[in-house]
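Numbering (the working numbering), first residue to last: 97 to 1239. Data block below; observations after.
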């Protein structure tokens, strides 16, 4: 049973009856229907009843992320017993532990409902204390009431009543029709995409935010959701400004607090808008805070006002065809005059057979007398009175076809009216003029908010009988209806109203009446009152919806700093979100201009619609298995067309507003990506990333990367302790410093055992490794495998890690520091096998010795060097690694030094010049030094180290001792080696040959002790030694004796007699081992001499022996080679060039 269904045992019949019939889970659904109640009552009489209730708490799955509500998965144990009581399904008992029977699944699906996540009203919250609670009725709204009318109410609004006639008159019928067609096409294409998404499963409250976030991921969802929230909030500002404009301009103009004089009317109007708008928003916020149900009850009243206003407009248009309304306007020449400045549209009138000047005369002349000095334009042009509404049959449509844009302050003039021009710039106040500069893109930005509101139906999906049928039909029909209204109004307004009246934004030429109101029937007050209540209701709806949208975003937890707005009152009312919404809304009120606020919210709505189209297109192109919308009339090309149109409209409206909106969305996106909660919603961006990754991997596999593109793609092999924690975290730090976030990094580890048993430990280990990677800022992938032994596990990682062309080419691991102290040779054998396997796989190998002393990511080296000892050519990896390290701030100030070794036959001076030239072509800055290593005879110290090494090796291989005996034997060898070294160092300070003899005699006694402990084994070893012809035979000449005696680097005091009298243990040593030990000792002396103070030493790593019998000797060689160095990185190339001199 799902975690969202809670099984509650009820012991008594009365409790069962009360619980089944009355109780509800907060935010959930009823325990069952009527039939379920009857069955439950009958069962409760005999035994305890298990009652199924639906809980709306987020479901938790294995990844710990809240998922969408699901009524049928992850059944609980309490419900499991009823699934297979009989024997018919015994074969599937194991499956039923995790998967329900089909009958149980269908039963839960039938009883599943998705109620809206609205607030609980005060009365209902108070009644929760009672034993019986008010029953929640199932949602029963159909397409017309639930989707069509709400969308109609939200789309038809303030712009239609206050600005649409002005847009038609300014842009002309043709361009106005183009504006309307573009905007309506944008919303229609968006509605098609939205219908596909909304019918692809249940859409809870949240509307477009929910659809975008679940389709494009939390980053896009949060960014666009907040943009949609800002758009809804500024829409509230726009509606409130429209309400105040209607109130102060058309209903009670005398209520203005600030009075404008001498041309300051516009500034005074803005201040009045700010004052009244602030009061209005406070009042509306209080109404929303008191109870949202009052807003919902008034919604029908507001809708009735809108519909009545629309009908009044069409009635007025029809009436104007045969009886145009009488609203005359006065023209001086071709200029329209303000109606408040005159009482009669004439210069003079006849009163009592006398010619008397009018009020209009006083505007243009300095005195009322007929011989007064008057304005030239006034004297040269006649005053004409024309009809403001000539009617549908007047033919005025031809005059209104074309645009009439102009700058701020341009006078409104009638086209085709005779006029004589004259200089009269000082007389502008009596005329109607443009209050703002007009152009096409501005009108697009102002008009677009009038087509928003298409999400109203999807926001109510939980209240519908059949949301997957009602949302597409209702939304598309509403858009089609409103598009018809807008397009028809463009033509009808242009055909009925005079052009100069259309361009009169505030009706100043028609006695201060609303222009669209004078066209309506039966009275202009129908439109004025209807638009007032419509805009007031739209403002309340915005202040109701925006806080809930913010609350939904905050409760999703994707934006951490918004979590405080997810809380509210006890009944769920988003109080804090309402306060923030009112504060942002006040910003729009302070702007105080409807024409400036409209483009702002256009940006946010267009961005939201753009991502709805993108979500549908992405889901369609990806063909995800869960993409099965019931709405079939969609196509990805339509979605892309809608997305492109939204983007184009954003920049058409205002390119700088568009950039600001994108910047805000981008900042929110990056913030959610960086700080937001991890969510897995099955979004399309994840699927898109998967497809892009698959395509890239296929392309990568076509050919290996070019040398110029080669970089170390690391496989980091980690060891874990007994508690599954990372042993060497500095290995991850070094990885971060080497990679700097570029390329591929796979961090792998192995757990011994079987996967069925060790699976929990593997999961825990993976989490621990990921935590360590996060702490060390290592960007990459983690892979923990369970294998029967470590060797096979690391082998599997090296072979199979990665995918396609995205595979590692370099292995990074730590040196096994305790390989000598461990009695079990498996650790160092695993190390050597890993070296062999990387070589066989043609992969580079990096071995970090003394890894715990490497710097952390917080350390900074202010000076020092990175020393590279280039002994053999490895493809240039030795020189590339220091360059990569220097890119990180830890190593940035370190200088690179390159050492190479010259033999006796080499010209060291020429080698240095060639190497400097090579580095110059490689564009690498490094100091170059050539170290000469002369041929020298093998010292006694080298023989001694080789002897101890072989004796230890033979003991570990062939001596069959008990655990304690083996420990004592190894310790005796170690102690003997140390004592002999001390005696050897002591001999450096003496001159006699007797001490050397004593030292060798002691060594012989020590070796004899080993022989005596296991005679049989030693005899077998001796036979084997005799059978091997490849031995060291010391043939000394006088020259060699003199050279050995005068050598500065060898310990002094070794006499010829002692060298001639070498002991049998020395003579039986393997010549190859002696030579290797000699190389390790001599090279170590040189490296320590030159690079002991270096911060990091990079050194060629010798390859392991082909014969596995000498593996333990190989470890000793490497130990001697790196002895006395603090930080060492042994490097082994992968068999290809990784650096080039070519561009």
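We treat Cβ as the ideally placed atom computed from N, Cα and C, and that holds for glycine.
Bounding residues of the alpha helix (DSSP H) (the contiguous stretch that carries residue 995):
Here residue 995 refers to the residue found at position 899 when the chain shown is read from its first residue. Careful: residue 995 lies outside any alpha helix (DSSP H), inside the beta strand (DSSP E) at 991-998.
Once you ignore the five residues that flank residue 512 on each side, which residues in its own chain have a CB closer than 7 Å to its CB?
The count along the chain shown starts at 1 and reaches residue 512 at position 416. The answer, listed in chain order, is 495.
Label residue 53 either buried or exposed according to how many other C-beta atoms from any shown protein chain fall within 10 Å of its C-beta, with 16 as the threshold for buried.
Because the chain is modelled from 97 through 1239, residue 53 falls outside the range shown and cannot be assessed.
Can you list, in chain order, the residues of its chain whose CB lies under 6 Å from that of residue 1024, leaving out five sequence neighbours each side?
For the purposes of this step, residue 1024 is taken as the residue at position 928 of the chain shown. The answer, listed in chain order, is 994, 1008, 1011 and 1012.
Drop a sphere of 10 angstroms on the beta-carbon of residue 652, count the other beta-carbons inside from all chains shown, and report buried for 16 or more, exposed for fewer.
In the chain shown, counting from the first residue as 1, residue 652 sits at position 556. Buried, by the Cβ-count rule.
Quick check for students: name the residue ranges of the beta strand (DSSP E) that lie wholly in the region 329-397, counting only runs of 3 or more.
none
Closest by CA to residue 719, which one among 877, 787 and 752?
In the chain shown, residue 719 corresponds to position 623, counting from 1. Per the Cα distances, 787.
Among 467, 465, 593 and 391, whose alpha-carbon lies nearest the alpha-carbon of residue 487?
As a first step, residue 487 must be located in the chain shown, where it is residue number 391. If we check each option's Cα against that of residue 487, 593 comes out closest.
With burial defined as no fewer than 16 other Cβ atoms inside 10 Å of the residue's Cβ, what is the status of residue 125: buried or exposed?
The count along the chain shown starts at 1 and reaches residue 125 at position 29. Below a pLDDT of 50, predicted positions are generally treated as unreliable, and residue 125, at 38, falls in that range; the measurement from the model is reported next regardless. Burial call: buried.
In terms of DSSP beta bridges, what is residue 441 paired with?
Within the chain shown, the letter at position 345 stands for residue 441. Under DSSP, residue 441 forms no beta bridge with any residue.
Three-state class that DSSP yields for residue 878 in the structure shown
Position 782 of the chain shown, counted from the start, is the residue given in the question as residue 878. Here residue 878 sits in strand by DSSP.
Assuming residue 541 contacts residue 694 under a Cβ cut-off of 8 Å, what Cβ separation, rounded to an integer in Å, is found between them?
Taking the first residue of the chain shown as position 1, residue 541 is located at position 445. Taking the first residue of the chain shown as position 1, residue 694 is located at position 598. Correct: roughly 6 Å between the Cβ atoms.
Would DSSP call residue 1235 helix, strand or coil?
Taking the chain shown and counting its residues from 1, one reaches residue 1235 at position 1139. Taken through DSSP and simplified to helix, strand or coil, residue 1235 comes out as coil.
Rounded to the nearest angstrom, how far is the Cβ of residue 501 from that of residue 266, given a contact under 8 Å?
Residue numbering aside, residue 501 sits at position 405 when the chain shown is read from its first letter. Residue numbering aside, residue 266 sits at position 170 when the chain shown is read from its first letter. Indeed, because the Cβ distance is near 6 Å, the residues count as touching under 8 Å.
Three-state secondary structure assigned by DSSP to residue 527:
Here residue 527 refers to the residue found at position 431 of the chain shown. Looking at residue 527 - three-state DSSP - the assignment turns out to be strand.
Option nearest residue 1232 by Cα separation, candidates 982, 905 and 1216:
Walking along the chain shown from the start, residue 1232 turns up at place 1136. Taking only the C-alpha atoms, the option nearest residue 1232 is 905.
Any idea which residues DSSP pairs residue 424 with across the strands?
For this step, residue 424 is matched to residue 328 along the chain shown. Beta-bridge pairing links residue 424 to 483.
Starting from residue 848, trace the beta strand (DSSP E) both ways and give me its first and last residue.
As a first step, residue 848 is located in the chain shown; it is residue number 752 there, counting from the start. Counted as a single uninterrupted DSSP element, the beta strand (DSSP E) harbouring residue 848 occupies residues 841-848.
So is residue 679 buried or exposed if we call it buried at 16+ other beta carbons inside 10 Å?
As a first step, residue 679 must be located in the chain shown, where it is residue number 583. Burial is judged here by how many other beta carbons sit within 10 angstroms of a residue's own beta carbon; residue 679 has fewer than 16 and is exposed.
Give me the Cα-Cα distance between residue 640 and residue 701, rounded to the nearest whole angstrom.
Here the question's residue 640 lines up with position 544 in the chain shown. Here the question's residue 701 lines up with position 605 in the chain shown. The straight-line gap from Cα to Cα measures roughly 18 Å.
Mind the definition here: the region 865-881 touches the region 825-841 only if three or more C-beta pairs lie below 8 Å; say whether that holds.
yes
Return the Cβ separation of residue 1018 and residue 1237 in integer angstroms, given the expectation that the two are a contact with Cβ distance under 8 Å.
Locating residue 1018 in the chain shown gives position 922, where the first residue counts as 1. Locating residue 1237 in the chain shown gives position 1141, where the first residue counts as 1. Yes, they are in contact, since the Cβ atoms of residue 1018 and residue 1237 sit about 6 Å apart, within 8 Å.
Count the other CB atoms, across all protein chains shown, that sit within 10 Å of the CB of residue 1224; report buried if there are 16 or more and exposed otherwise.
For the purposes of this step, residue 1224 is taken as the residue at position 1128 of the chain shown. Residue 1224 is buried by the Cβ-count criterion.
Should residue 1211 go down as buried or exposed, given a rule of 16 or more other Cβ atoms within 10 Å for buried?
What you label residue 1211 is simply residue 1115 of the chain shown in a count that begins at 1. So residue 1211 counts as buried.
Residue 580, buried or exposed, once every other Cβ within 10 Å from all chains shown has been counted against 16:
Position 484 of the chain shown, counted from the start, is the residue given in the question as residue 580. With fewer than 16 other Cβ atoms within 10 Å, it is exposed.
Express the C-alpha separation of residue 834 and residue 984 in angstroms, rounding to a whole number.
For the purposes of this step, residue 984 is taken as residue 888 along the chain shown, with counting starting at 1. For the purposes of this step, residue 834 is taken as residue 738 along the chain shown, with counting starting at 1. So the alpha carbons of these two residues sit roughly 7 Å apart.
Mapping the DSSP letters down to three states, classify residue 472 as helix, strand or coil.
The residue labelled residue 472 in the question sits at position 376 within the chain shown. Three-state result, residue 472: helix.
Residue span of the alpha helix (DSSP H) that contains residue 676, given as start and end:
Taking the chain shown and counting its residues from 1, the one referred to as residue 676 is at position 580. The continuous alpha helix (DSSP H) containing residue 676 extends over residues 671-687.
Put residue 607 into one of helix, strand or coil per three-state DSSP.
The residue you call residue 607 lines up with position 511 of the chain shown. In the structure shown, residue 607 sits in coil (DSSP, three-state: anything other than H, G, I, E or B).
Starting from the C-beta of residue 268, find all residues in its chain whose C-beta is less than 6 Å away, skip the five residues before and the five after it, and write them out in chain order.
By 1-based counting over the chain shown, the position of residue 268 is 172. Counting only Cβ-Cβ distances below 6 Å, and skipping sequence neighbours, we find 497, 498 and 499.
Between which two residues does the alpha helix (DSSP H) holding residue 555 run?
Locating residue 555 in the chain shown gives position 459, where the first residue counts as 1. Looking at the DSSP string, the run of the alpha helix (DSSP H) that includes residue 555 is 552-555.
In terms of residue numbering, what span does the beta strand (DSSP E) encompassing residue 962 cover?
Here the question's residue 962 lines up with position 866 in the chain shown. Looking at the DSSP string, the run of the beta strand (DSSP E) that includes residue 962 is 961-966.
Put residue 1018 into one of helix, strand or coil per three-state DSSP.
Along the chain shown, read from residue 1 onward, the residue named residue 1018 stands at position 922. Looking at residue 1018 - three-state DSSP - the assignment turns out to be coil, as it is neither helix nor strand.
Measure the Cβ-Cβ separation of residue 1200 and residue 1207 and say whether it is below 8 Å.
The residue you call residue 1200 lines up with position 1104 of the chain shown. The residue you call residue 1207 lines up with position 1111 of the chain shown. Against a cut-off of 8 Å, the Cβ pair of residue 1207 and residue 1200 comes out as a contact.
Can you give me the Cβ contacts of residue 596 inside the same chain, cut-off strictly under 6 Å, excluding the 5 residues immediately before and after it?
Taking the first residue of the chain shown as 1, we reach residue 596 at position 500. Closer than 6 Å at the Cβ level, and outside the excluded window around residue 596, lie 432, 508 and 510.
To which residues of the same chain is residue 731 closer than 8 Å at the C-beta, ignoring the five residues directly before and after it?
In the chain shown, residue 731 corresponds to position 635, counting from 1. Once the five neighbours on either side are set aside, the close Cβ partners of residue 731 are 716.
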